[in-house]
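**Student:** Note that the numbering used here has the sequence shown beginning at 1, numbered continuously upward.
Every residue, glycine too, gets a C-beta built ideally from N, C-alpha and C.
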Amino acid sequence: MTFKTKLIISYIFVVLIATVFPLIVTSIIVRDKFVQIVIGGGPGPGFSVLIPEKGLKFLQTVRNTLMISGLISMAIGVVTALFNSKVITKPLKEMRNFARKISNGDYSARVGVKTQDEIGELADSLNYMADRLDDIENMRKTLVQNVSHDLRTPLSSIKGHLELISDSDFDEKEKEHSLSVIHKEVERMEKMVNELAHLSTIDSKKYELEMKKIDINTVVQETLELLKVEIEKKGLGLKEALGKTPIYINGDPGKIKEILMNLINNSIKFTQEGSIGVAATSTKTCAVISIEDSGIGVDEKDLPHIFDRFYRGEKSRSSNLGGLGIGLTIVKELVYAQNGRIQIESPGRNGTKVTITFPLSA
Numbered sequence: 001m002t003f004k005t006k007l008i009i010s011y012i013f014v015v016l017i018a019t020v021f022p023l024i025v026t027s028i029i030v031r032d033k034f035v036q037i038v039i040g041g042g043p044g045p046g047f048s049v050l051i052p053e054k055g056l057k058f059l060q061t062v063r064n065t066l067m068i069s070g071l072i073s074m075a076i077g078v079v080t081a082l083f084n085s086k087v088i089t090k091p092l093k094e095m096r097n098f099a100r101k102i103s104n105g106d107y108s109a110r111v112g113v114k115t116q117d118e119i120g121e122l123a124d125s126l127n128y129m130a131d132r133l134d135d136i137e138n139m140r141k142t143l144v145q146n147v148s149h150d151l152r153t154p155l156s157s158i159k160g161h162l163e164l165i166s167d168s169d170f171d172e173k174e175k176e177h178s179l180s181v182i183h184k185e186v187e188r189m190e191k192m193v194n195e196l197a198h199l200s201t202i203d204s205k206k207y208e209l210e211m212k213k214i215d216i217n218t219v220v221q222e223t224l225e226l227l228k229v230e231i232e233k234k235g236l237g238l239k240e241a242l243g244k245t246p247i248y249i250n251g252d253p254g255k256i257k258e259i260l261m262n263l264i265n266n267s268i269k270f271t272q273e274g275s276i277g278v279a280a281t282s283t284k285t286c287a288v289i290s291i292e293d294s295g296i297g298v299d300e301k302d303l304p305h306i307f308d309r310f311y312r313g314e315k316s317r318s319s320n321l322g323g324l325g326i327g328l329t330i331v332k333e334l335v336y337a338q339n340g341r342i343q344i345e346s347p348g349r350n351g352t353k354v355t356i357t358f359p360l361s362a
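1) From the DSSP output, in three-state form, read off residue 245 for me.
2) Taking the beta carbon of residue 46 as the centre, do at least 16 other beta carbons fall within 10 Å, making it buried, or is it exposed?
3) Around the Cβ of residue 84, are there at least 16 other Cβ atoms within 10 angstroms (buried) or fewer (exposed)?
4) In whole angstroms, what is the alpha-carbon distance linking residue 212 and residue 218?
5) So, residue 161 versus residue 178, is the Cβ gap smaller than 7 angstroms?
6) Roughly how many angstroms lie between the CA atoms of residue 185 and residue 249, to the nearest whole one?
7) Any chance the segment 262-273 sits against the segment 287-294, with 3 or more Cβ pairs inside 8 angstroms?
8) What would DSSP say about residue 131, mapped onto helix, strand or coil?
9) What first and last residue would you give for the beta strand (DSSP E) that runs through residue 343?
10) Counting only the same chain and skipping the five closest in sequence on each side, list residues whose C-beta sits under 7 angstroms from that of residue 307.
11) Nearest to residue 263 by alpha carbon, out of 344, 150 and 172?
12) Secondary structure at residue 315, three-state DSSP: helix, strand or coil?
13) Which residue's Cα is closest to the Cα of residue 157: 139, 182 and 216?
14) How far does the alpha helix (DSSP H) with residue 417 in it extend, from its first residue to its last?
15) Any idea which residues DSSP pairs residue 356 with across the strands?
16) Check whether the segment 118-131 and the segment 139-155 touch, using three or more Cβ-Cβ pairs below 8 angstroms as the test.
17) Would you kindly check if the distance between the Cβ of residue 326 and the Cβ of residue 195 is under 7 angstroms?
18) According to the neighbour-count rule (16 or more other Cβ atoms, all chains shown, within 10 Å of its Cβ), is residue 347 buried or exposed?
19) Residue 20 to residue 66, Cα distance in whole Å?
20) Identify whether residue 109 lies in helix, strand or coil by the three-state DSSP scheme.
21) Measuring CA to CA, which of 209, 113, 80 and 108 is closest to residue 93?
22) Return the first residue and the last residue of the beta strand (DSSP E) that residue 281 is part of.
23) Taking only three categories from DSSP, how would you classify residue 117?
24) Roughly how far, in whole angstroms, is the beta-carbon of residue 243 from the beta-carbon of residue 281, given that I think they are within contact range, below 8 angstroms?
25) Residue 160 by DSSP, collapsed to three states: which one?
26) Roughly how far, in whole angstroms, is the beta-carbon of residue 338 from the beta-carbon of residue 257, given that I think they are within contact range, below 8 angstroms?
27) Taking its Cβ as the centre, do 16 or more other Cβ atoms sit within 10 Å of residue 335, making it buried, or is it exposed?
28) Need the endpoints of the beta strand (DSSP E) that residue 213 sits in, please.
29) Can you give me the Cβ contacts of residue 16 inside the same chain, cut-off strictly under 6 angstroms, excluding the 5 residues immediately before and after it?
30) Using 8 angstroms as the cut-off, can you tell me whether the segment 99-111 makes contact with the segment 124-141, which would need three or more C-beta pairs spanning the two stretches below that distance?
31) Is it true that the CB of residue 278 sits closer than 7 angstroms to the CB of residue 240?
32) Determine the DSSP secondary structure at residue 250, reduced to helix, strand or coil.
33) Look at the alpha carbon of residue 154 and the alpha carbon of residue 167, and state the distance between them as a whole number of angstroms.
34) Please classify residue 350: is it buried, with 16 or more other beta-carbons within 10 angstroms of its beta-carbon, or exposed?
35) Tell me, which residues are paired with residue 237 by DSSP?
36) According to DSSP, simplified to helix, strand and coil, what is residue 295?
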């Protein structure tokens, strides 16, 4: 039995009860009232009243009228049930068709129900689910494209150098160079796999934050000590602006170091000459960390998508420098997990400035 049939039967049942019960009760009450009005009271216990023929006709007319009214009400109830069942089941049928499209991989399907009731709320929830599934599917396709593209280059390089090593015509120096290239390409692929594994951990929320009161100046200084060799190796200058007064926040020092290392490494990667500036200041409510470089900057059209996973502006440039485009996604997740905010600016592509804020510790 379909839901529509059940709905119609329930309507008819309600109308039937609402018609028959008043018919019986009204018939009894009308007869008693008729006797009281015409005769002037009941006959008393053990006596019956002889109602005149005209009175009987009147009572019969009342019964017939009530029965006809009941039949008309039932007919109206059936018509109403058919109409309402069609109205109620129409969005349900649309949701059924929507579910079938989603199950067949059509994530562009949407429910066109806009009612201001529980069914409308359900439709909004299903459309939100479809949006998320569509986003996930697009990310999956982008991931497959990026990984296949970024793995093809190192694999081709490894294959070529392995053939070179196996060729007896090449000397030991050339073979050593090939081994060095193979080693670098393997490290590059390992980095990609590690990034994907790290993103999976971030998405599943399986990581734990060791939140405690820390001095942000100390964390920034320790991070810079780890990266100074890389900065100097590339011939870049380093401008530090750290206060002598502690700036306390509640955060995970390890995760904040990971955030800073990712951002500063990006500055090193995309800055060919000039300097990198790192500063830590505070306002009345927040600790502010800024990382500014004189690198190639970010195109204006790419800024709104800079934190989107697998998004890489100017793909040829990004591909040459490595990475899957998920580093900044991880950074944003870690910043937000510690109640922070992050913003990236690149006015006129004259370098890039990243600003991170964390609430001050009470």
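**Tutor:** Inspection of the coordinates gives the following:
1) Three-state result, residue 245: coil.
2) Confidence at residue 46 is low in this model, with a pLDDT of 48, below 50, so the placement of that residue should be treated as unreliable; the coordinate-derived value is given next. Exposed, since its Cβ has fewer than 16 Cβ neighbours within 10 Å.
3) It is exposed - the Cβ of residue 84 has fewer than 16 other Cβ atoms within 10 Å.
4) If you take the alpha carbons of residue 212 and residue 218, they lie about 14 angstroms apart.
5) In this structure, residue 161 lies near residue 178, with their beta-carbon atoms less than 7 angstroms apart.
6) Taking the straight line joining both Cα atoms gives about 40 angstroms.
7) With a cut-off of 8 angstroms, the segment 287-294 and the segment 262-273 count as touching, because enough Cβ pairs lie within range.
8) Residue 131: helix per DSSP, three-state reduction.
9) Unbroken beta strand (DSSP E) run through residue 343: 341-345.
10) Leaving aside the five residues that flank residue 307 on each side, the residues in its chain whose CB is nearer than 7 angstroms to its CB run, in chain order, 328, 329 and 332.
11) If we check each option's Cα against that of residue 263, 344 comes out closest.
12) Summary for residue 315: the model assigns pLDDT 48, below 50, so the residue's position carries little reliability; its value from the coordinates is reported in the next sentence. In the three-state reduction of the DSSP assignment, residue 315 falls in the helix class, which pools H, G and I.
13) The option with the nearest alpha carbon to residue 157 is 182.
14) For residue 417 there is no data in the structure shown, the boundaries of the chain being 1 and 362.
15) Under DSSP, residue 356 shares a beta bridge with 289 and 342.
16) The segment 118-131 makes no contact with the segment 139-155: fewer than 3 CB pairs, one atom from each, lie closer than 8 angstroms.
17) Yes, these two residues count as a Cβ contact at 7 angstroms.
18) So residue 347 counts as exposed.
19) Distance between the alpha carbons of residue 20 and residue 66 is about 9 angstroms.
20) Here DSSP, grouped into helix, strand and coil, assigns residue 109 to coil.
21) Here the closest residue by C-alpha is 113.
22) Boundaries of the beta strand (DSSP E) around residue 281: 275-282.
23) In the three-state reduction of the DSSP assignment, residue 117 falls in the coil class, being assigned neither a helical nor a strand state.
24) With a Cβ gap of about 7 angstroms, residue 243 and residue 281 count as contacting.
25) Reduced to three states, the DSSP call for residue 160 is helix.
26) Here residue 338 is actually not in contact with residue 257; their C-beta atoms are around 12 angstroms apart, not less than 8 angstroms.
27) Buried, by the Cβ-count rule.
28) Counted as a single uninterrupted DSSP element, the beta strand (DSSP E) harbouring residue 213 occupies residues 212-215.
29) Close CB contacts of residue 16 within its chain, under the 6 angstroms cut and outside five residues either way in sequence, are absent.
30) Taking one beta carbon from each stretch, the segment 99-111 and the segment 124-141 have 3 or more pairs nearer than 8 angstroms; the two touch.
31) It is a contact, given that the beta carbons lie within the stated cut-off.
32) It is a strand residue.
33) Between residue 154 and residue 167, the alpha-carbon positions lie close to 20 angstroms from each other.
34) By the neighbour-count definition (other C-beta atoms within 10 Å, threshold 16), residue 350 is an exposed residue.
35) For residue 237, the beta-bridge partners assigned by DSSP are 275.
36) In the three-state reduction of the DSSP assignment, residue 295 falls in the coil class, being assigned neither a helical nor a strand state.
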